[in-house]
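A.B. asks: The following block contains the structure, expressed as structure tokens.
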Amino acid sequence: MPVDRFLLEECLATLARRDWRARVEFDPVRFPRRYESGADREVAGLIAPGLAYGRADVASRTIGEILARLGPRPARTIRSAKPAEIDDRLQGIRYRFSRSEDVVLFLLAIGEALRLHGSLENMFLDGFDGEGTDLRAPLARFTTFLRSYAASVSRKPGLSHGFQHLIPDGGNGSPLKRLFLFLRWVVRPDDGIDLGLWSGVPPSSLVIPLDTHVFRIGGYLGLTRRRTP
């Protein structure tokens, strides 16, 4: 169906003028925005997309419960707590494919990253040379770091399916949609929605995580002729 260019322009301009900050409370970005510290926002900003799939209300309850159990300074807790303490804090937590032990390992991997690199941004920049605009390779290296740290602290051989759903293997063809969402939050300037935490990655290099809804709208706008994402 042909798109009326002038009607489309008017519609998009109206949407661009709308203040979307009021809708933050319906989006998982609300979790990192609850913290004042950049370190806490960064950590919460990685935890929330890790579980942001399935039913939004159930995912939100789980994310909120995990962060509540980590206390008011989640970055400090994850960085300094012993594995047994994280395990105790997360007892009974599970969400869809991931059991409490998977979520614990996720947090332990983040804690190891903070201890070794100082921040998640520093870890990402260790695999980013600043050249070009394709973030898929550095993001794949980011997942490799996290997965290797998880393997180093895990009490079991290998990484479970439940853990791998939280941190997919970026070198194995995964589109890493939820991790690209994390990148959007931390890279784009703080506008009341995004967090603007990282300065070492240009916003122009970001891509849109393509879920079924974005794909459908892209088709309506004539941005793609593909039949599937």
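If you use the working numbering, the sequence shown corresponds to residues 169 to 397, in order.
Just so you know, even glycine gets a beta-carbon here, dropped at the ideal spot from N, CA and C.
Just to confirm, is the Cβ distance from leucine 351 to leucine 307 under 8 Å?
C.D. replies: Position 183 of the sequence shown, counted from the first residue, corresponds to residue 351. Position 139 of the sequence shown, counted from the first residue, corresponds to residue 307. Closer than 8 Å, so yes.
A.B. asks: What are the boundary residues of the alpha helix (DSSP H) that includes serine 228?
C.D. replies: Numbered from 1 along the sequence shown, position 60 holds the residue referred to as residue 228. Serine 228 -> alpha helix (DSSP H) spans 224 to 238.
A.B. asks: Would you give the residue range spanned by the alpha helix (DSSP H) that tyrosine 221 belongs to?
C.D. replies: The residue labelled residue 221 in the question sits at position 53 within the sequence shown. Segment: none, tyrosine 221 is in no alpha helix (DSSP H) and carries neither H nor E.
A.B. asks: Identify the residues that DSSP records as bridge partners of tyrosine 263: which are they?
C.D. replies: Position 95 of the sequence shown, counted from the start, is the residue given in the question as residue 263. Looking at the DSSP assignment, tyrosine 263 forms a beta bridge with Ser266.
A.B. asks: Isoleucine 231 and leucine 275 look like a contact to me (Cβ under 8 Å); what is the Cβ gap, rounded to whole Å?
C.D. replies: On the sequence shown, residue 231 is found 63 positions in, with the first residue counted as 1. On the sequence shown, residue 275 is found 107 positions in, with the first residue counted as 1. Contact doesn't hold; Cβ gap of about 12 Å is too wide.
A.B. asks: Look at the alpha carbon of glycine 201 and the alpha carbon of aspartate 359, and state the distance between them as a whole number of angstroms.
C.D. replies: As a position in the sequence shown, residue 201 is number 33, starting the count at 1. As a position in the sequence shown, residue 359 is number 191, starting the count at 1. The question names glycine, but residue 201 in the sequence shown is arginine. Cα to Cα, the separation comes out at about 11 Å.
A.B. asks: Counting C-beta neighbours from all protein chains within 10 Å, is the total for proline 371 16 or more, i.e. buried, or is it exposed?
C.D. replies: The count along the sequence shown starts at 1 and reaches residue 371 at position 203. Label assigned to proline 371: exposed.
A.B. asks: On the three-state DSSP scale, how would you describe alanine 207?
C.D. replies: Translated into positions along the sequence shown, residue 207 becomes position 39. Correct three-state label for alanine 207: helix.
A.B. asks: How would you write the range of the alpha helix (DSSP H) that asparagine 290 sits in, first residue to last?
C.D. replies: By one-based count along the sequence shown, residue 290 stands at place 122. Where asparagine 290 is concerned, the enclosing alpha helix (DSSP H) stretches over 288 to 293.
A.B. asks: Here's the rule I'm using: 16 or more other beta-carbon atoms within 10 Å means buried, otherwise exposed. How should tryptophan 366 be labelled?
C.D. replies: Numbered from its first residue, the sequence shown carries residue 366 at position 198. Label assigned to tryptophan 366: buried.
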